[in-house]
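Written below as structure tokens is the structure these notes are about.
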Amino acid sequence: MSRSGPRAALAFAAALGAMAATYTPAFAFTDAEKTEIGSIVREYLIKNPEVLQEVITELEKKQAAQETAGRTQALASMKGLIYDSPRGVVVGNPKGDVTLVEFFDYNCGYCKHALEDLTKLMKADPNLKVVLKEFPVLGKPSVEAAQVAVAVRMVAPDKYWAFHNALLATRGPADRAKALQAAKEVGIDPAAIQKVASSPELNATLDESMKIAQALSLNGTPSYVLGDQVVVGAVGYDQLKSAIDAQRKAQPKAN
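9 is the number of the first residue of the sequence shown in the numbering used here; add one for each residue after it.
Shown next as structure tokens:
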């Protein structure tokens with residue numbers, strides 16, 4: 009059974025329960041008849057467990073199709089917010105012909121490894137535009153670190169990439185103190201960050217990322233958006249490069 013199997017089984021059981029609770033037959037079964045029917049169904053499923061697996065498999069397929077449809081709709085309706093929001097940090101070539109959006113968390117170990125892939129991609133592809141979106145899903149320390157990152161974008165946008173690298177290289181949990189230290193290491197005055205510490209822009213930026221992530225059914229980091237694709241996980245340099253190359257070939261050529 010796949011990792012999502014247990015969830016699907018629970019959903020299946022819940023669906024059966026809901027049907028039983030809401031269904032009103034043309035005639036009512038007696039308690040004895042209900043018990044007998046339950047015993048028959050139970051015995052059948054015990055003797056033929058593959059039937060339950062078939063139902064779960066079909067349910068998983070349906071859920072996956074619904075998720076894909078939801079993502080497709082969200083990618084179309086939120087295109088401007090995903091690719092062009094001023095709250096995203098642009099690195100690489102701002103005028104690149106292909107845009108890769110990354111959702112990350114400063115406490116995500118996979119994001120730390122994925123940074124090397126991202127750096128390599130930008131060095132190898134001078135026409136790649138990358139948009140970074142803080143997506144703190146790993147608790148309060150992650151939120152604190154992300155808030156400092158937004159403040160860095162506000163007061164010293166030209167130093168964001170250096171800050172980003174420094175904080176992801178930090179050992180141990182990244183929190184407000186670690187983020188402020190990383191900012192100081194790359195030449196950003198902590199007092200400048202403190203001046204915008206109470207700005208509503210900090211949480212507004214994180215709320216925007218969360219809104220997009222929820223619409224795209226993103227539940228982990230790193231996650232990437234590229235054209236009409238969503239790539240979840242630290243899939244590595246080769247897979248990202250292949251996706252970028254495919255997107256470049258698929259999109260209309262600029263005049």
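We treat Cβ as the ideally placed atom computed from N, Cα and C, and that holds for glycine.
Tell me which residues share the same chain as Ala-29 and place their Cβ nearer than 7 Å to its Cβ, disregarding the 5 neighbours each side in the sequence.
Here residue 29 refers to the residue found at position 21 of the sequence shown. Per-residue confidence for Ala-29 stands at a pLDDT of 49, beneath the threshold of 50, marking its modelled position as unreliable; the derived number appears in the next sentence. Excluding five sequence positions before and after Ala-29, none of the CB atoms of its chain fall closer than 7 Å to its own CB.
Kindly confirm or deny that the segment 191-199 and the segment 137-148 touch, where touching means at least three C-beta pairs closer than 8 Å.
no
Could you check whether the segment 126-135 touches the segment 104-115, counting it as contact only if at least three pairs of C-beta atoms, one from each stretch, sit closer than 8 Å?
Yes: at least three Cβ pairs fall under 8 Å.
Quick check: the Cα distance between Ser-12 and Leu-210, rounded to an integer number of angstroms?
To locate residue 12, count along the sequence shown from 1; it is residue 4. To locate residue 210, count along the sequence shown from 1; it is residue 202. Note on Ser-12: pLDDT 47, under 50, position unreliable in the model; the coordinate value appears next. Distance between the alpha carbons of Ser-12 and Leu-210 is about 35 Å.
Between which two residues does the beta strand (DSSP E) carrying Leu-89 extend?
What you label residue 89 is simply residue 81 of the sequence shown in a count that begins at 1. Counting along the chain, no beta strand (DSSP E) covers Leu-89; the unbroken alpha helix (DSSP H) around it starts and ends at 87-92.
How should Tyr-52 be labelled, buried or exposed, when 16 other C-beta atoms within 10 angstroms of its C-beta is the threshold for buried?
Residue mapping note: residue 52 aligns to position 44 of the sequence shown, counting from 1. It counts as exposed.
Drop a sphere of 10 angstroms on the beta-carbon of Thr-213, count the other beta-carbons inside from all chains shown, and report buried for 16 or more, exposed for fewer.
As a position in the sequence shown, residue 213 is number 205, starting the count at 1. Per the 10 Å Cβ criterion, buried.
To the nearest angstrom, report how far apart Asn-227 and Phe-171 are at their CA atoms.
Numbered from its first residue, the sequence shown carries residue 227 at position 219. Numbered from its first residue, the sequence shown carries residue 171 at position 163. Their Cα atoms are separated by approximately 25 Å.
Return the chain-ordered list of same chain residues with a C-beta closer than 6 Å to the C-beta of Ile-252, the five sequence neighbours on each side being excluded.
Here residue 252 is taken as the residue at index 244 of the sequence shown, counted from 1. Result list for Ile-252: Val-106, in chain order.
Given Leu-188, which residues of its chain have a CB within under 7 Å of its CB, disregarding the five upstream and five downstream residues?
Residue numbering aside, residue 188 sits at position 180 when the sequence shown is read from its first letter. Around Leu-188: Val-156, Pro-198 and Ile-201.
If we require 3 or more residues per run, which beta strand (DSSP E) segments fall completely within the segment 80-149?
97-100, 106-112 and 136-142
Drop a sphere of 10 angstroms on the beta-carbon of Ser-206, count the other beta-carbons inside from all chains shown, and report buried for 16 or more, exposed for fewer.
Position 198 of the sequence shown, counted from the first residue, corresponds to residue 206. Exposure of Ser-206 is indicated by the presence of fewer than 16 other C-beta atoms within 10 angstroms of its C-beta.
Who are Leu-234's beta bridge partners in DSSP?
On the sequence shown, residue 234 is found 226 positions in, with the first residue counted as 1. According to DSSP, which records beta bridges pairwise, Leu-234 is partnered with Leu-108 and Gln-237.
When the Cα atoms are used, what is the spatial distance from Leu-140 to Thr-127?
For the purposes of this step, residue 140 is identified with residue 132 of the sequence shown, where counting begins at 1. For the purposes of this step, residue 127 is identified with residue 119 of the sequence shown, where counting begins at 1. Between Leu-140 and Thr-127, the C-alpha separation is close to 13 Å.
Under the three-state reduction of DSSP, which class applies to Leu-53: helix, strand or coil?
Counting from 1 along the sequence shown, the entry for residue 53 is found at position 45. The answer is helix: DSSP assigns Leu-53 an H, G or I state.
If you drop the 5 nearest sequence neighbours on each side, which residues of the same chain put their C-beta closer than 8 Å to that of Gln-120?
In the sequence shown, the residue the question calls residue 120 occupies position 112. The identity of residue 120 in the sequence shown is Lys, whereas the question assumes Gln. Cβ within range, chain order: Leu-176 and Ala-177.
Look at the Cβ atom of Asn-173, then the Cβ atom of Leu-248, and state whether they are nearer than 8 Å.
Mapped onto the sequence shown, residue 173 falls at position 165. Mapped onto the sequence shown, residue 248 falls at position 240. Their beta carbons are not under 8 Å apart, which means Asn-173 does not touch Leu-248 by this criterion.
Does the beta-carbon of Ala-269 have 16 or more other beta-carbons within 10 angstroms, so that it is buried, or is it exposed?
Given that the chain is displayed from residue 9 to residue 263, the structure contains no residue 269 and the question cannot be resolved.
Which residues bound the alpha helix (DSSP H) around Ser-250?
By 1-based counting over the sequence shown, the position of residue 250 is 242. Run containing Ser-250: 245-258, per the alpha helix (DSSP H) assignment.
Measuring straight from C-alpha to C-alpha, what distance separates Val-99 and Gly-244?
Taking the sequence shown and counting its residues from 1, the one referred to as residue 99 is at position 91. Taking the sequence shown and counting its residues from 1, the one referred to as residue 244 is at position 236. Cα-Cα distance, rounded: 19 Å.
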